[in-house]
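A.B. asks:
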Amino acid sequence: MNIDLSEKVVVVTGSSRGLGSVMVRYLAANSAQTIINYKSNQKAAEELLSEISETNDKCSIVQADVTKEDEVKVLYHTVIEQYGRVDILINNVGVCDDNYIQFMSLEQWNHVLESNLYSTFLCSRLFSKAMIKNGRGKIINIASLKGQIGSEGQCNYSASKAGVIGLTKALAREFGGYNISVNVVCPGFVMTDLNRDNKNKADYALKMSAMNLEYSLSDLGNFIVYFCSDYVKGISGREFNLDSRIL
1 MNIDLSEKVV VVTGSSRGLG SVMVRYLAAN SAQTIINYKS NQKAAEELLS EISETNDKCS
61 IVQADVTKED EVKVLYHTVI EQYGRVDILI NNVGVCDDNY IQFMSLEQWN HVLESNLYST
121 FLCSRLFSKA MIKNGRGKII NIASLKGQIG SEGQCNYSAS KAGVIGLTKA LAREFGGYNI
181 SVNVVCPGFV MTDLNRDNKN KADYALKMSA MNLEYSLSDL GNFIVYFCSD YVKGISGREF
241 NLDSRIL
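Going by full-length UniProt numbering, 57 is the number at position 57 of the sequence shown; the sequence numbering is gapless.
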């Protein structure tokens with residue numbers, strides 16, 4: 001896919017590796033001015049920036065723990081100072097800390113809710129101010145099928161992603177009058193740092209697939225590029241499942 005996103009300033013949270021880095025690569029390859037956000041893995045962020053800068057010198061990295069309000073403010077003001085605006089926010093941060101509920105500590109519960117849901121709230125609340133000022137914008141939240149149907153042994157993760165879906169629909173109503181769309185993307189199952197050691201989940205995801213196809217990262221990358229473009233304007237409050245698993 002080749003779409004000119006050179007006029008788009010895109011912030012992708014938690015994007016130094018995993019699915020976030022996939023989106024960054026595709027956005028940068030289509031000329032988007034892409035901001036890589038990372039919490040602690042500076043090396044991965046710098047390596048990713050070096051890679052995409054070979055063809056796109058309008059990208060940058062910003063360190064911030066987006067579960068913390070003060071650090072979200074640093075991320076926001078750094079981006080505004082450097083780029084002058086934000087056109088698109090992709091709330092991508094996601095962690096797992098699995099256990100059955102009877103064995104789950106409050107720390108495990110809070111860790112996942114703060115990372116997956118609170119960060120989406122904090123970033124959306126602040127970055128939407130710039131979008132309102134500009135008279136347009138897009139927020140794309142990354143959730144999961146598990147937020148739609150639940151997952152055994154992952155009540156915290158399932159609840160956090162269900163919260164992201166609900167938050168998306170509420171914000172779509174709140175921001176629609178400002179020409180800001182808010183949508184949620186649920187990628188298909190792919191081996192990442194979150195689940196690399198769990199082949200059973202990969203096998204189960206393939207079994208659930210109506211097309212019996214393994215999920216391709218290009219599906220995510222191309223979808224995000226297209227959705228960030230001006231070809232998509234009047235869609236908001238929607239869930240997009242990027243595979244063929246049947247609910």
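C-beta: ideal position from N, C-alpha, C; glycine also. Note that the coordinates shown come from a computational prediction; the quantities given were computed from them, not determined experimentally.
1. According to DSSP, residue 186 sits in a beta bridge with which residue or residues?
2. Roughly how many angstroms separate the alpha carbons of residue 110 and residue 40, rounded to a whole number?
3. Roughly how many angstroms separate the alpha carbons of residue 147 and residue 48, rounded to a whole number?
4. In chain order, what residues of the same chain have a beta carbon less than 6 Å from the beta carbon of residue 136, not counting five sequence neighbours either side?
5. Under a three-way DSSP split, which group does residue 177 fall into?
6. Relative to the C-alpha of residue 92, which candidate in 176, 230, 8 and 19 has its C-alpha closest?
7. Quick test of your reading: residue 9 and residue 87, contact by CB under 8 Å. State the CB separation rounded to the nearest angstrom.
8. Alpha carbon to alpha carbon, what distance is there between residue 150 and residue 158?
9. Does the segment 21-29 come within contact of the segment 46-62, defined as at least 3 CB pairs closer than 8 Å?
10. Mark residue 124 as exposed unless 16 or more other C-beta atoms lie within 10 angstroms of its C-beta, in which case mark it buried.
11. Distance, Cα to Cα, residue 100 vs residue 160?
12. Please state whether DSSP places residue 168 in a helix, a strand or coil.
13. Express the C-alpha separation of residue 120 and residue 113 in angstroms, rounding to a whole number.
14. Hey, would you say residue 185 sits closer than 8 Å to residue 117, going by beta carbons?
15. Please report the straight-line C-alpha distance between residue 30 and residue 171, rounded to a whole angstrom.
16. Hey, residue 225 and residue 3 are a contact pair by Cβ (cut 8 Å); roughly how many whole angstroms apart?
C.D. replies: Looking at the coordinates:
1. According to DSSP, residue 186 bridges with 241.
2. For residue 110 and residue 40, the distance between alpha carbons rounds to 19 Å.
3. C-alpha separation (whole angstroms): 29 Å.
4. Within its own chain, the residues whose Cβ lies closer than 6 Å to the Cβ of residue 136, once the five positions on either side in sequence are excluded, are 179, listed in chain order.
5. Looking at residue 177 - three-state DSSP - the assignment turns out to be helix.
6. For residue 92, the nearest C-alpha among the options comes from 19.
7. Right, the Cβ-Cβ distance comes to about 5 Å (below 8 Å), so this counts as a contact.
8. Taking the straight line from one Cα to the other gives about 5 Å.
9. Judged by Cβ distances under 8 Å, the segment 21-29 makes contact with the segment 46-62, as three or more pairs qualify.
10. Under this definition residue 124 is a buried residue.
11. Cα to Cα, the separation comes out at about 15 Å.
12. In the three-state scheme derived from DSSP, where H, G and I count as helix and E and B as strand, residue 168 is classed as helix.
13. Looking at the two C-alpha atoms, the distance is approximately 10 Å.
14. No, the pair does not count as a contact, with Cβ atoms beyond the cut-off.
15. Their backbone Cα atoms lie some 28 Å apart in a straight line.
16. With a Cβ gap of about 6 Å, residue 225 and residue 3 count as contacting.
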